[in-house]
Every structure is written in structure tokens, then in C-alpha cells.
Amino acid sequence: MSLARTYLDFNATSPLRPQARAAVISALECAGNPSSVHLEGRWARHILEDARQAVSALVNAEPKQVIFTSGATEANTTVLGQARWVAVAAAGVEHPSVLEAARRHGSTFSQLPVDGDGRVCVDALKAWLAAPVDGDRLVSLQWANNETGVLQPVAEVAELVAEAGGTLHVDGVQAAGRVRIDLNECPISFLTLSSHKIGGPQGVGAIVQGPSGQLEQPLLIGGGQEHRLRAGTENVAGVAGFGAAATAALSEVSSSPRVRGLRDELESGLSAMTPETVFFGTRSERLANTSSFGLSGLRAETMVIAFDLAGIALSAGSACSSGTVGRSHVLEAMGVGKALAGSALRVSLGWSSKKHDVARFLEAWAKVTQRGRATAEIA
Ligand code: PMP
208 MSLARTYLDF NATSPLRPQA RAAVISALEC AGNPSSVHLE GRWARHILED ARQAVSALVN
268 AEPKQVIFTS GATEANTTVL GQARWVAVAA AGVEHPSVLE AARRHGSTFS QLPVDGDGRV
328 CVDALKAWLA APVDGDRLVS LQWANNETGV LQPVAEVAEL VAEAGGTLHV DGVQAAGRVR
388 IDLNECPISF LTLSSHKIGG PQGVGAIVQG PSGQLEQPLL IGGGQEHRLR AGTENVAGVA
448 GFGAAATAAL SEVSSSPRVR GLRDELESGL SAMTPETVFF GTRSERLANT SSFGLSGLRA
508 ETMVIAFDLA GIALSAGSAC SSGTVGRSHV LEAMGVGKAL AGSALRVSLG WSSKKHDVAR
568 FLEAWAKVTQ RGRATAEIA
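To convert, count from 1 in the sequence shown and add 207; that's this note's numbering.
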């Protein structure tokens, strides 16, 4: 990939951190299976347990609380898929891996409304918690939204769910390494994480079980790996990279003012050029790295391609798994109109972002919006 590229899509995936790359390469040298008793096996086990320690430290948990998976999608599917949930509630802005798994519960799934910034309506949650159910109920709430960066009131919700005797799952994928997460402070039963959003390799994630969380059914069955909760030989090299990324990300949680400075510079530059730009989620607390905005009259798909040609990687409102751009269910849940939502772009920064990335974006924005509007007027 050319060095002239500017990468502004950390919420889709973060570039691999050098520490994570080194850990992956080193772990690939290990020939052992962590379940084997010989020296090679013990070496692999050592790598795995070191990484477990690092990932648990990221959220102030104990290593034994961490179950490694193939990513957050598997982690979310596992938690949401437990047969014991007789009632499930999740906000309409959740990641598809949560919403689709929740919908499998059929009529026992309740989609909670959100406000104009995508924050869950706490009164609706209270009403849901007050209704009697015969069995275990699960609330699933993301810590931070992948499209807008908006933070949910996790601490408040955790208290409410605990008081009602329910179970709380938090998708911490976008928040990990960006805001402080302390499982000792917050009664969360299950927290799910993804390696590639914090600068580790793709295809690795984790479920962290809080003191009140106990998975009963593994999604994958077979061997007794991961406390019998996730069968299959662990992805040792991937997990090693995840661990190294977790350590680096933890040391950088406090650097969010630097990233916030870049994001704010980008937003003010953009507003100065095109004052009609609408920024989403700005009345609420947001991740420091994310900016989501729209400009009626422009088409997000066209803009993403134009930026790509200008050497800049960013996303339309959400990066669809298929590579196509669909209507953002997040912006829809927030009540954003169709035309504005269709123009929504997301810029997300991270550990390697620099001032000149912002400057390049703003330079390109001037050209691309001018061209985009001219085309829109002709069309
Ligand atoms: N939850 C959120 C909030 C996400 O942003 C993502 C990744 N887009 C996932 C879950 C799924 O993570 P993974 O790619 O590790 O399956």
C-alpha cells in the first residue's frame, strides 16, 4: 500500500500496531498446540496466557474471566444466543451481530428506542425491566456506537439492570482502548471485545465474563478449550497480537485529548468550508476519535469513491459487510431523514493519525464537495 494514503477508517479496522505485528510474528514461530503437554505445547500455552493477562488488564478484569473467540461477532452471537434468555432487549443502534442474534429470540426480543443522538431511552428500559417475566432477562447495550461514536449511559443502565435482577451484555468493541473500562466498577455480566479495533489482527476477539456472568452454552462444541466455553484450537498468533495491542491501547487511553484535538480540527475546518454540514451525535458524549456527518445533496457512495481516488480511506455512515453501502440503521433509529442519511460519511482516527491526515482530508473535502454538488445539480 502506498505511503501516500491517508487512513481515516479506524472504526472499521485499525492498522496493525507494530507491537502487535511483532507479537504475531514471534508467536508464529511456536509449533505447539496450547493443549499439548510437551515443551512446544507449554510454550504456546504461555503465549496464550500472557495475552489473556493483557486483555483482562485492558478492562480491569482477571485473566480467568477472558474467553477468546474468532472476533466480536462470534462473542456477541455466543452471549445473545444463550437459550436461557426468556426476554431480550437491545437498542436499535446496536451492531448487526447483536441485533440479528437478538431477533432470533423472536417475539421475546424488544427493540429499545433511542433519542436523536442514538442514546437508549432509559425510561423505555425501565418500563421493560418492570414488566414481569418468568426466567432470565438480558439487556444488550453497546458502550460506543461504531458509526457516530456516541457513548451509552452504561453505568446507569448497569445499575438499573442489576437492581431488576437482569443480566447486562455490553458490546465494548469501539470503546475498548478509547475510554476507560473497569469491570470492577460496573456490574456488567458480559463484555465483548474485538482485537482489530484496537490495533491487533483481525479474526480474534473475546468475551469477558463479569463476576455475575456465567456462559452456559458454547457456540462451538468439541474440545474443552477456553474453560469448555469455546471449542477449537486457539488462534495463538492472533491472540498474541491481540494481547500486545491491548497493552499498547491501555497505555494510550489517556491520549484521547490528542485524538480529540485532531477530530475537532477536522470538524471545525469542515464547518468553515461547508456550514450546512450536519454532525451526528454531537449533543452527547462521543468517542474522541469519531466524526459522523452529512451534507444533503451529496451521495455517500460517490464521496467514498472520490476520497479513495484522492488517496483517503473513510467510510459511508457504516461500512457494510458486503462492501455495498446500505441505509444506516443507526441514523434511521436516530430519526435522521433519508436524504441526509444517504450523504453520511464517517471519519475515524486512531493511534497513528497525525495532523497532516486532517489537512489532507480538508483539502480533499473542498474539491470533492464542489465536484459532488456540481454532479448532484446536473443529475
Ligand atoms: N460490534 C461493534 C460495535 C463493531 O463495530 C464491530 C465491528 N464492526 C463488531 C461488533 C464485530 O466485530 P468483529 O469484526 O470482530 O466481528
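Glycine is no exception: its CB is placed at the ideal position from the N, C-alpha and C atoms.
If you follow the alpha helix (DSSP H) that residue i is part of, which residue opens it and which one closes it?
| i | result |
| --- | --- |
| I512 | 507-516 |
| Q421 | Counting along the chain, Q421 falls outside any alpha helix (DSSP H), and DSSP gives it neither H nor E. |
| A334 | 329-337 |
| F487 | It is not in any alpha helix (DSSP H) - F487 carries neither H nor E in the DSSP assignment. |
| Q432 | 432-435 |
| D216 | Premise fails: D216 is in no alpha helix (DSSP H) and is neither H nor E. |
| H536 | 536-540 |
| A238 | Per DSSP, A238 belongs to no alpha helix (DSSP H) and is neither H nor E. |
| K404 | It is not in any alpha helix (DSSP H) - K404 carries neither H nor E in the DSSP assignment. |
| S463 | 463-480 |
| A453 | 443-459 |
| L547 | 545-548 |
The beta strand (DSSP E) spanning residue i covers which residue range?
| i | result |
| --- | --- |
| L223 | From DSSP, L223 is part of no beta strand (DSSP E); its letter is neither H nor E. |
| Q260 | First-last for Q260: 246-265, but that is the alpha helix (DSSP H), not the beta strand (DSSP E). |
| G501 | 497-501 |
| L552 | 552-555 |
Just checking residue i against the ligand PMP - is the residue's beta carbon closer than 6 Å to any of the ligand's heavy atoms?
| i | result |
| --- | --- |
| S401 | yes |
| V386 | no |
| S462 | no |
| H302 | yes |
| T284 | no |
| A279 | yes |
| D378 | yes |
| N353 | yes |
| Q349 | yes |
| Q614 | Because the chain here runs from 208 to 586, residue 614 falls outside it and cannot be looked at. |
| Q421 | no |
| Q381 | yes |
Below 7 Å CB to CB, which residues in the same chain sit around residue i once its five sequence neighbours on both sides are set aside?
| i | result |
| --- | --- |
| Q474 | Going by the sequence as given, residue 474 is Glu instead of Gln. Excluding residues within five positions, the ones whose Cβ falls inside 7 Å are F486, S498. |
| S528 | Note that S528 has pLDDT 46, beneath the 50 cutoff, so the model's placement of it is unreliable and no number is given. |
| A526 | Per-residue confidence for A526 stands at a pLDDT of 49, beneath the threshold of 50, marking its modelled position as unreliable; the derived number appears in the next sentence. Only A219 meet the Cβ criterion. |
| A507 | A523, G524, V532, G549, S550, A551, L552 |
| S478 | T484 |
| D322 | C328 |
Just checking my contact of residue i with residue j at CB under 8 Å: how many whole Å lie between their CB atoms?
| i | j | result |
| --- | --- | --- |
| V346 | A296 | 5 Å |
| L375 | S396 | 5 Å |
| E363 | V329 | 7 Å |
| P394 | A365 | 5 Å |
| L398 | G417 | 7 Å |
| S221 | K404 | 6 Å |
| V286 | A413 | Contact flag wrong, Cβ pair sits at about 11 Å. |
| N267 | N353 | About 23 Å separates the two Cβ atoms, so there is no contact after all. |
| Q318 | G299 | 5 Å |
Skipping 5 residues on each side, what residues in its chain have a beta carbon closer than 8 Å to that of residue i?
| i | result |
| --- | --- |
| E301 | A309, S347, L348, Q349, D378 |
| A520 | R212, T213, Y214, L215, D216, F514 |
| G673 | The chain is shown only over 208 to 586; residue 673 falls outside these bounds and no answer can be derived. |
| E269 | S263 |
| L246 | G239 |
| V460 | G384, R385, V386, R387 |
| A573 | M480 |
By Cβ distance, which residues of its chain are closer than 6 Å to residue i, with the 5 residues on each side in sequence left out?
| i | result |
| --- | --- |
| A453 | A261, V262, L265 |
| D341 | none |
| R224 | G406, A452, A455 |
| S491 | D324, R326, V357 |
| A382 | W350, A351 |
| R567 | T213 |
| S472 | The displayed chain sequence assigns Glu, not Ser, to residue 472. Once the five neighbours on either side are set aside, the close Cβ partners of E472 are V565. |
| A444 | V231, A234, L235 |
With a threshold of 6 Å, establish whether the CB of residue i neighbours any heavy atom of the ligand MG.
| i | result |
| --- | --- |
| G412 | Ligands displayed in this structure: the ligand PMP; the ligand MG is not among them. |
Practice task
With a floor of 4 residues, list each alpha helix (DSSP H) that falls wholly inside the stretch 344-399, ordered by position along the chain.
Solution key: Complete alpha helix (DSSP H) runs here, min 4: 361-370.
Practice task
Note down, one range per segment and in chain order, each alpha helix (DSSP H) of at least 4 residues found wholly within the stretch 270-325.
Solution key: For the alpha helix (DSSP H) assignment, the uninterrupted runs of no fewer than 4 residues enclosed by the stretch 270-325 are, from N- to C-terminal side, 279-287, 303-310.
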